[in-house]
Amino acid sequence: MAYGISQGKLAVASGITREYLNKIESGKMKPSKELLETLHKELARFNPEAPLTMLFDYVKIRFPTLDIQ
């Protein structure tokens with residue numbers, strides 16, 4: 001499944017270099033189990049099918065009034 005993210009963005013999110021990620025994708029390097037889990041977790045964050053969640057801790061709403069005296 002294509003998520004539309006670059007190798008660089010996934011590498012930064014996973015804490016590795018783009019070059020190292022490229023070697024993993026091309027089969028030149030084998031990632032550790034921990035790194036593989038991290039890559040899966042970070043890919044899941046970029047999943048375009050996942051629901052978007054937002055958390056607001058402060059919201060200021062202003063309503064215009066016309067009762068000027």
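Numbering (full-length UniProt numbering), first residue to last: 1 to 69.
Don't be surprised by glycine CBs; every beta carbon is placed ideally from N, CA and C.
None of the values given here were measured: they were computed from a predicted structure.
CB of residue i within 8 Å of CB of residue j, strictly
i	j	result
Gly8	Arg18	yes
Leu21	Leu10	yes
Beta-carbon contacts of residue i that lie in its chain and below 8 Å, excluding the five residues immediately before and after
i	result
Leu52	none
Tyr3	Leu43, Phe46, Asn47, Pro48
Ile5	Phe46
Glu25	Gln7
Local conformation of residue i per DSSP, three classes
i	result
Glu37	helix
Ile5	coil
Alpha-carbon to alpha-carbon, residue j and residue i
i	j	result
Met29	Lys23	5 Å
Arg62	Phe56	17 Å
Ala50	Ser32	26 Å
Neighbourhood of residue i by C-beta distance below 6 Å, restricted to the same chain and skipping five residues each side
i	result
Ser39	The sequence given here has Leu at residue 39, not Ser. Closer than 6 Å at Cβ, skipping near neighbours: Ser14.
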